[in-house]
Structure formats: C-alpha cells, structure tokens
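Enquirer:
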Amino acid sequence: MSRYFLEMAPMMSEAQLKGLDEHKYSASGTSAVEPVMQVFWRWLVEKVPLWVAPNLITLVGLIINVVTSLLLMYYSPTAAEEAPVWVYMSCAVGLFLYQSLDAIDGKQARRTGSSTPLGELFDHGCDSISTVFVGMATCCAMTMGDNPDLMFITFFNAVFVFYCAHWQTYVSGTLKFGFFDVTETQFGVIMLFLLSMVLGKEFWGIQVPLVGLSMRVVAVICSTSLSTWTVWGNFQTILKGGAGKNGSTVAGTSVLSPGFPILFPIVLALMIYKKSSMDLFQNHPCLYLLMFGMAIGKITNKLVIAHMTKSEMTMFDSSMIGPGLLFLDQYFNSFINEYIVLWISLIFVTFDLVQYCFLVCLQICDHLDIYCFNITSKPSKKGLNSGNMSKATRGAENLTVYSRPRTRSLTRANREQDR
180 MSRYFLEMAP
190 MMSEAQLKGL
200 DEHKYSASGT
210 SAVEPVMQVF
220 WRWLVEKVPL
230 WVAPNLITLV
240 GLIINVVTSL
250 LLMYYSPTAA
260 EEAPVWVYMS
270 CAVGLFLYQS
280 LDAIDGKQAR
290 RTGSSTPLGE
300 LFDHGCDSIS
310 TVFVGMATCC
320 AMTMGDNPDL
330 MFITFFNAVF
340 VFYCAHWQTY
350 VSGTLKFGFF
360 DVTETQFGVI
370 MLFLLSMVLG
380 KEFWGIQVPL
390 VGLSMRVVAV
400 ICSTSLSTWT
410 VWGNFQTILK
420 GGAGKNGSTV
430 AGTSVLSPGF
440 PILFPIVLAL
450 MIYKKSSMDL
460 FQNHPCLYLL
470 MFGMAIGKIT
480 NKLVIAHMTK
490 SEMTMFDSSM
500 IGPGLLFLDQ
510 YFNSFINEYI
520 VLWISLIFVT
530 FDLVQYCFLV
540 CLQICDHLDI
550 YCFNITSKPS
560 KKGLNSGNMS
570 KATRGAENLT
580 VYSRPRTRSL
590 TRANREQDR
C-alpha cells in the first residue's frame with residue numbers, strides 16, 4: 180500500500196533525497212532558561228522506555244497541544260467569549276507537555292541510536308503546526324475577538340517569526356537561537372493561560388496606569404517588540420549573504436526567494452479581512468486564521484525541506500488554492516456565501532497539509548529503510564531481493580542500515596549543553 184502512494188504522488192525528487200542523505204544539522208546559541216530546563220529534560224527522558232520511538236514522542240506532544248487548543252477555540256469561537264476555568268488550565272498543561280516532549284525527542288533518539296534526518300524534519304514540522312494552534316489559543320485566551328486588528332497582528336506575527344527563523348537557516352545553513360527564544364515564549368504563553376484562568380477575561384481589559392492602554396494592548400505591544408527584534412536579527416543574517424555560492428542560500432538561490440511564499444498568503448488574508456462584505460474575519464476569526472495557518476504551515480514545512488535538501492524553494496504551492504478561493508469569491512461579489520467558501524477552503528488546506536506530510540514521511544522512510552514510529556529498521560531492500568542470503572547476513576545488513584550516520588534536530592529545547 181505504501182508503495183502505491185509513493186508511486187502515485189512522490190513529494191520529493193531524487194535530487195532532494197540525495198541532498199537529505201548529505202544533510203548535517205547545525206545550530207548555535209542558547210536561550211536564557213534552557214540551561215535550567217535541561218536538568219529536568221535529562222531526568223524526564225530517562226523515564227521513557229527505550230522501545231518508544233522519538234517521532235512518536237513528538238507526535239503525542241503535538242496531539243495534546245492541538246486538542247487543548249481546539250478545546251479553547253470550541254468554547255471561544257469568536258475569541259470574545261470566556262471559556263471555563265478548566266479549559267485554560269488544560270491549555271497551560273498541554274503546552275507544557277508539548278514543550279517537554281519536544282525537548283526530549285532528540286535525547287531519546289540519541290539514547291536509542293535512532294537519529295535520522297526524518298527526525299529533524301518531523302520535529303520542525305510539528306513545531307510549525309503547533310505554532311498555528313498556540314497562536315490561535317493565545318488570541319482566544321486574551322479575548323482578542325473584541326479587537327480584530329490586534330488578533331490579526333498577534334497571529335500572523337507568531338507564524339511569521341517562526342517562518343523567518345527557518346528562512347535565515349535556509350540562507351546561512353545554521354539554525355540560530357537567541358537569548359529570548361521559543362522556550363521563553365512558551366513559558367510566557369503558559370503564564371498567559373494561567374492569568375486568564377485565575378483573573379478571567381476582565382483582566383485583559385484593565386487599563387494600565389500612566390500609559391492609558393489595556394493589558395491586552397500592552398501585552399501585544401511587548402510581544403510584537405520582541406518579535407520585531409528577533410526578525411530584525413534574522414534579516415541581518417539574511418541580508419549579509421548566505422552560505423551558498425556568491426552569498427546565495429544553501430541551495431544557490433536568492434536569499435530573498437523565500438519571501439514571496441510567506442508574504443503572499445498574509446497579504447491575501449489582510450485584503451480579504453478588510454474587504455469582506457459579511458465581516459468574515461470578525462464573525463469567524465478562529466476558522467479564518469486556522470485556514471490561513473494551515474496553508475502557511477505547509478509552506479513552512481516546504482522551506483524546512485528546501486534547507487535540509489539544499490533545493491530551491493518553490494514560489495507557488497497548492498496550499499494557496501484555499502486562500503485563493505476566498506479571494507476569487509470576494510472578487511466576484513461573493514456569489515457564494517463567504518462562510519461556506521471559508522469552510523471549503525479550510526477543509527482543502529487541512530487535507531493538503533496532512534497529505535503532504537504523510538507522503539513526505541512515507542517517502543523518506545522508504546528511502547532510509549526505517550519506520551516513522553518504530554525504532555526497528557525495515558529489512559534491507561538489497562537483502563529482500565537476494566533469495567539465497569542468509570538470515571545472519573540480512574541481520575548484519577539491517578544493522579548497517581540502522582546505524583548510518585544521520586542527524587536529528589536538536590531543536591530549540593532539546594540541544595545538549597555539553598555538545
């Protein structure tokens with residue numbers, strides 16, 4: 180069955196797969212609280228059975244995070260309603276669990292000798308999807324539906340910052356971490372959930388003395404300022420020139436080439452928001468941002484693959500069909516109800532993302548002779564094709580496949596301090 184899917188729609192070219200074999204993970208920098216958290220993460224990974232696959236740890240963390248975020252969106256569909264106390268608590272716990280599991284997947288890979296390029300891709304891919312749902316949950320927890328402009332800025336600020344981190348990686352070849360990075364941001368969001376749980380939605384409307392602004396506005400200003408500082412650092416790296424020939428990206432392309440794929444959906448989102456005849460974003464903010472978030476999530480995944488395989492980042496993608504449908508409907512004076520088109524677009528981009536991730540993982544597993552959620556390696560293709568090969572020889576060859584030099588992402592929270 181897997182062979183059928185691979186032959187039907189291969190997501191990666193042979194050149195990309197070859198580039199994946201040659202990929203080596205590179206990262207620099209350490210954030211403020213990470214050294215302290217490393218003590219907890221090292222203790223935690225020792226509690227995980229050795230038979231548990233690293234990618235399974237990552238996926239479980241993502242599922243927990245997505246479910247708790249969707250729960251908050253269910254109780255606050257317009258991001259203006261106050262959710263039950265236990266929902267905010269579940270979001271805080273869910274994000275902490277995601278952070279912890281995301282931190283130990285790489286450590287588990289090294290414990291079990293199962294580090295692979297798929298691990299790095301899987302880690303970043305889950306992070307890109309998590310960013311969408313955490314951004315949505317943050318907006319709901321702060322009841323930003325009362326101020327749509329703030330909600331729009333907050334959400335797209337989150338996904339843009341994450342994209343820029345991988346943009347500069349695509350240019351420089353090294354994922355760089357700042358003093359205030361993702362771990363600190365996650366703790367900030369956890370604190371935000373707890374404040375909403377204890378003090379309620381009224382807290383975000385309290386006027387801050389001296390500045391005369393609400394807590395909600397002050398929080399957005401602070402987060403946007405930190406994000407701007409981070410993005411500015413990324414662009415300094417990007418504009419300085421890349422690791423490729425003549426200062427190009429690792430793929431030998433223009434350092435500005437990843438700009439269009441991220442700016443196109445954001446500009447479309449802004450145009451549709453401002454010109455909607457039925458105030459689509461104001462009335463259905465969670466569905467609206469989720470649709471654009473899924474589209475951007477796929478684009479971010481393709482950027483990560485472009486970096487790891489040293490291949491060109493494509494300008495257009497099928498994920499843009501969803502936002503494009505909304506734009507065309509609006510262009511023709513909404514001859515189909517915008518709410519219906521929004522649901523169609525959301526279903527399409529979600530299916531497009533899931534299908535893409537599934538087929539990419541399937542293709543890489545087939546290429547590396549590994550399983551995605553099982554530490555045991557697949558039987559070698561060469562061994563299977565040789566009818567007279569002994570079991571001992573096949574076992575030795577499988578061991579060789581299993582122990583190829585590979586790299587797994589030591590992302591944000593899971594980099595060892597003594598490496």
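Each position in the sequence shown, counted from 1, maps to that position plus 179 in the working numbering. All C-beta atoms, glycine included, are put in the ideal place defined by N, C-alpha and C.
Unbroken alpha helix (DSSP H) runs of length 4 or more, entirely within the stretch 281-327: which are they?
Expert: List check, alpha helix (DSSP H) in window: 296-320.
Enquirer: If you run the structure through DSSP and keep just helix, strand and coil, what is Leu389?
Expert: Counting from one through the sequence shown, the residue named residue 389 turns up at place 210. Correct three-state label for Leu389: coil.
Enquirer: Taking the alpha carbon of Leu532 as the reference point, which residue from Asp302, Val429, Ile308 has its own alpha carbon closest?
Expert: Position 353 of the sequence shown, counting from 1, holds the residue named residue 532. Ranking the options by Cα distance to Leu532, first place goes to Ile308.
Enquirer: Let's test the definition: count the other Cβ atoms within 10 Å of the Cβ of Cys465 and tell me whether it reaches 16, buried, or not, exposed.
Expert: Here residue 465 refers to the residue found at position 286 of the sequence shown. Buried, because 16 or more other Cβ atoms sit within 10 Å of the Cβ of Cys465.
Enquirer: Within 10 angstroms of its Cβ, does Met457 collect 16 or more other Cβ (buried), or is it exposed?
Expert: Counting from one through the sequence shown, the residue named residue 457 turns up at place 278. Met457 is exposed by the Cβ-count criterion.
Enquirer: Just mark Glu576 as buried or exposed, buried being the case when its beta carbon has 16 or more other beta carbons within 10 Å.
Expert: For this step, residue 576 is matched to residue 397 along the sequence shown. With a pLDDT of only 35 at Glu576, under 50, the local geometry of the prediction cannot be trusted, and no value is derived from it.
Enquirer: Below 8 Å on the Cβ atoms is my guess for Leu469 versus Leu525; work out the distance and round it to an integer in Å.
Expert: If you number the sequence shown from 1, residue 469 lands on position 290. If you number the sequence shown from 1, residue 525 lands on position 346. Indeed they touch by this definition, with Cβ atoms about 6 Å apart.
Enquirer: Answer yes if the stretch 508-526 comes into contact with the stretch 385-398, meaning at least three C-beta pairs across the two stretches below 8 Å, and no otherwise.
Expert: Short answer: they don't touch.
Enquirer: Which of helix, strand or coil does DSSP assign to Leu469?
Expert: Taking the sequence shown and counting its residues from 1, one reaches residue 469 at position 290. The answer is helix: DSSP assigns Leu469 an H, G or I state.
Enquirer: Inspect the beta-carbon positions of Leu280 and Cys540 and report whether they are closer than 8 Å.
Expert: Counting from one through the sequence shown, the residue named residue 280 turns up at place 101. Counting from one through the sequence shown, the residue named residue 540 turns up at place 361. Result no, Cβ atoms of Leu280 and Cys540 do not sit closer than 8 Å.
Enquirer: Should His345 be listed as close to the ligand SAM, given that the test is whether its C-beta is under 7 Å from any heavy atom?
Expert: What this structure holds is no ligand at all, so the ligand SAM is not there to describe.
Enquirer: Expressed to the nearest angstrom, what Euclidean distance is found between the alpha-carbon atoms of Val377 and Ile369?
Expert: Here residue 377 refers to the residue found at position 198 when the sequence shown is read from its first residue. Here residue 369 refers to the residue found at position 190 when the sequence shown is read from its first residue. Their Cα atoms are separated by approximately 13 Å.
Enquirer: Does the distance from the C-beta atom of Pro440 to that of Met394 stay below 8 Å?
Expert: Here residue 440 refers to the residue found at position 261 of the sequence shown. Here residue 394 refers to the residue found at position 215 of the sequence shown. Their beta carbons are not under 8 Å apart, which means Pro440 does not touch Met394 by this criterion.
Enquirer: Taking the C-alpha atoms as reference points, what is the distance between Thr364 and Val272?
Expert: Numbered from 1 along the sequence shown, position 185 holds the residue referred to as residue 364. Numbered from 1 along the sequence shown, position 93 holds the residue referred to as residue 272. Cα to Cα, Thr364 sits roughly 15 Å from Val272.
Enquirer: Distance, Cα to Cα, Arg221 vs Leu229?
Expert: By 1-based counting over the sequence shown, the position of residue 221 is 42. By 1-based counting over the sequence shown, the position of residue 229 is 50. Rounded to whole angstroms, Arg221 to Leu229 spans 14 Å at the Cα level.
Enquirer: Looking at the structure shown, is Gly198 part of a helix, part of a strand, or coil, going by DSSP?
Expert: Looking up residue 198 in the sequence shown gives position 19. It is helical.
Enquirer: Less than 8 Å separating the beta-carbons of Ile445 and Phe552?
Expert: Position 266 of the sequence shown holds residue 445. Position 373 of the sequence shown holds residue 552. In this structure, Phe552 does not lie closer than 8 Å to Ile445 by Cβ.
Enquirer: Pick out whichever of Ser427, Val390, Thr409, His303 has its Cα sitting closest to the Cα of Asn481.
Expert: Reading the sequence shown from its first residue, position 302 is the one you call residue 481. Checking the sequence, you will find Lys at residue 481 rather than Asn. Looking at the Cα atoms, His303 is the closest of the given residues.
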